[in-house]
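Student: Input: one structure, supplied below.
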Amino acid sequence: MANGDAGTRERSYRKGPERRAQILLRAMELFAERGAGASLRAIGEAIGVSHAALRYYFANRDELLVEVYRAHEARACKRPGRDERSAVELMEESAEGNRSIPGLVELYATLTTDALRGQQHPAAREFVQERFRRVRADLVARIEAGQRSGAIAADIDPEDAAALVAAASDGLQLQWLLDPDAVDVRRSLELLERLLPGGR
337 MANGDAGTRE RSYRKGPERR AQILLRAMEL FAERGAGASL RAIGEAIGVS HAALRYYFAN
397 RDELLVEVYR AHEARACKRP GRDERSAVEL MEESAEGNRS IPGLVELYAT LTTDALRGQQ
457 HPAAREFVQE RFRRVRADLV ARIEAGQRSG AIAADIDPED AAALVAAASD GLQLQWLLDP
517 DAVDVRRSLE LLERLLPGGR
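Mapping the sequence shown onto our numbering, position 145 (from 1) lands on 481, and the numbers just tick up by one.
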């Protein structure tokens with residue numbers, strides 16, 4: 337009997353992460369289609385999960401939004417050839433991928449807006465701050481590689497250039513979200529190629 341109880345507990349422990357991953361996937365699909373405007377209870381209803389079950393895996397709405405966006409980014413990082421992209425090419429590729437999932441672009445905009453109200457949304461603030469640090473560090477490495485290859489001018493400060501590329505990408509996607517017919521994010525980002533050309 338004791339062995340049976342242990343086996344049941346082990347299956348339950350294994351099921352926990354699987355169930356959480358299923359919820360994240362369904363929430364990601366929901367946000368990709370509709371954006372992130374719903375409450376935690378409404379999200380649960382939309383994806384067929386009770387509010388209690390959702391709260392078991394995610395303490396609050398902010399935590400769910402952060403984890404959904406992390407899962408989305410983890411998928412994007414698996415795209416082939418990503419390591420060979422220059423700083424601007426990486427942002428162009430991201431913008432191109434986001435065209436089909438405006439709801440997740442809206443989710444990111446929601447997280448960054450919430451991050452500015454850090455006291456009310458500490459999880460969002462921590463996530464966005466850490467994400468910006470990580471994105472800038474990745475872009476700096478790509479810009480430095482471009483400088484070593486001679487494609488990018490040596491007198492450009494990599495950290496300043498990385499901040500500029502990230503700001504351009506985020507700002508353009510926000511404009512596209514508000515007025516998709518007026519803004520072509522990829523074409524606008526291509527202007528930065530004159531300053532930070534590829535050539536890794």
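For glycine and all other residues, C-beta sits at the position ideal for the given N, C-alpha and C.
Which runs of the alpha helix (DSSP H) fall wholly inside the segment 415-482 and span at least 4 residues, in chain order?
Tutor: Segments of the alpha helix (DSSP H) lying fully in the segment 415-482: 423-434 and 438-451.
Student: Could you tell me the distance, in whole angstroms, from the CA atom of Gly535 to the CA atom of Leu525?
Tutor: For the purposes of this step, residue 535 is identified with residue 199 of the sequence shown, where counting begins at 1. For the purposes of this step, residue 525 is identified with residue 189 of the sequence shown, where counting begins at 1. In this prediction, Gly535 has a pLDDT of 49, which is less than 50 and means its spatial position is unreliable; what the coordinates show is noted afterwards. Distance between the alpha carbons of Gly535 and Leu525: 16 Å.
Student: Among Gln455, Arg356 and Ala502, which residue has its Cα nearest to the Cα of Arg470?
Tutor: Your numbering for residue 470 matches position 134 in the sequence shown. Ranking the options by Cα distance to Arg470, first place goes to Ala502.
Student: According to the neighbour-count rule (16 or more other Cβ atoms, all chains shown, within 10 Å of its Cβ), is Gln509 buried or exposed?
Tutor: Residue 509 sits at position 173 when you count from the first residue of the sequence shown. Buried, by the Cβ-count rule.
Student: Is DSSP giving Leu531 helix, strand or coil here?
Tutor: Taking the first residue of the sequence shown as position 1, residue 531 is located at position 195. Reduced to three states, the DSSP call for Leu531 is coil.
Student: Glu462 and Val476 - do their beta-carbons sit closer together than 8 Å?
Tutor: Looking up residue 476 in the sequence shown gives position 140. Looking up residue 462 in the sequence shown gives position 126. No, Cβ-Cβ distance for Val476 and Glu462 is not below 8 Å.
Student: Leu443 to Asp398, Cα distance in whole Å?
Tutor: The residue given as residue 443 occupies position 107 in the sequence shown. The residue given as residue 398 occupies position 62 in the sequence shown. Computed Cα separation, rounded: 11 Å.
Student: What distance in whole Å lies between the Cβ atoms of Ala489 and Arg472, which are believed to be in contact at a cut-off of 8 Å?
Tutor: By 1-based counting over the sequence shown, the position of residue 472 is 136. By 1-based counting over the sequence shown, the position of residue 489 is 153. 19 Å between Cβ atoms; not a contact.
Student: Taking the beta carbon of Glu432 as the centre, do at least 16 other beta carbons fall within 10 Å, making it buried, or is it exposed?
Tutor: Counting from 1 along the sequence shown, the entry for residue 432 is found at position 96. With fewer than 16 other Cβ atoms within 10 Å, it is exposed.
Student: So what's Phe367 in DSSP terms, helix, strand or just coil?
Tutor: Taking the sequence shown and counting its residues from 1, the one referred to as residue 367 is at position 31. DSSP places Phe367 in helix when its eight states are reduced to three.
Student: Would a C-beta distance cut-off of 8 Å place Val402 and Ala460 closer than the cut-off?
Tutor: Counted from its first residue, the sequence shown places residue 402 at position 66. Counted from its first residue, the sequence shown places residue 460 at position 124. Contact flag set, yes.
Student: Identify the continuous alpha helix (DSSP H) that holds Ser524 and give its terminal residues.
Tutor: As a working mapping, residue 524 is identified with position 188 in the sequence shown. Start and end: Val521 to Glu526.
Student: Could you give the distance in angstroms between the alpha-carbon of Leu527 and the alpha-carbon of Gly507?
Tutor: Counting from one through the sequence shown, the residue named residue 527 turns up at place 191. Counting from one through the sequence shown, the residue named residue 507 turns up at place 171. Roughly 14 Å between the two C-alpha positions.
Student: If you reduce the DSSP assignment to three classes, tell me which class Ile383 lands in.
Tutor: Residue 383 sits at position 47 when you count from the first residue of the sequence shown. Note: Ile383 maps to helix in three-state DSSP.
Student: Measuring CB to CB, does Val464 end up less than 8 Å from Thr448?
Tutor: Along the sequence shown, read from residue 1 onward, the residue named residue 464 stands at position 128. Along the sequence shown, read from residue 1 onward, the residue named residue 448 stands at position 112. Yes.
Student: With burial defined as no fewer than 16 other Cβ atoms inside 10 Å of the residue's Cβ, what is the status of Glu354: buried or exposed?
Tutor: Numbered from its first residue, the sequence shown carries residue 354 at position 18. Result: exposed.
Student: Across the segment 382-401 and the segment 479-486, are there enough close Cβ pairs to call them in contact, namely three or more that are closer than 8 Å?
Tutor: Verdict: no, contact absent.
Student: How many whole angstroms separate the CB atoms of Val441 and Asn434, which I take to be in contact at a CB cut-off of 8 Å?
Tutor: The sequence position of residue 441 within the sequence shown is 105, counting from 1. The sequence position of residue 434 within the sequence shown is 98, counting from 1. Sure, about 5 Å apart at Cβ, within 8 Å.
Student: Using the three-state DSSP reduction, which class does Pro516 fall into: helix, strand or coil?
Tutor: Taking the sequence shown and counting its residues from 1, the one referred to as residue 516 is at position 180. It is coil, neither helix nor strand.
Student: Measuring alpha carbon to alpha carbon, tell me which of Phe468, Pro533, Asp517 and Asp520 ends up nearest Ile492.
Tutor: Numbered from 1 along the sequence shown, position 156 holds the residue referred to as residue 492. The residue with the shortest Cα to Cα distance from Ile492 is Pro533.
Student: Assuming Phe367 and Gly439 make a contact with CB atoms under 8 Å, what is their CB distance in whole Å?
Tutor: As a first step, residue 367 must be located in the sequence shown, where it is residue number 31. As a first step, residue 439 must be located in the sequence shown, where it is residue number 103. Yes, Phe367 and Gly439 are in contact; Cβ-Cβ is about 5 Å, under 8 Å.
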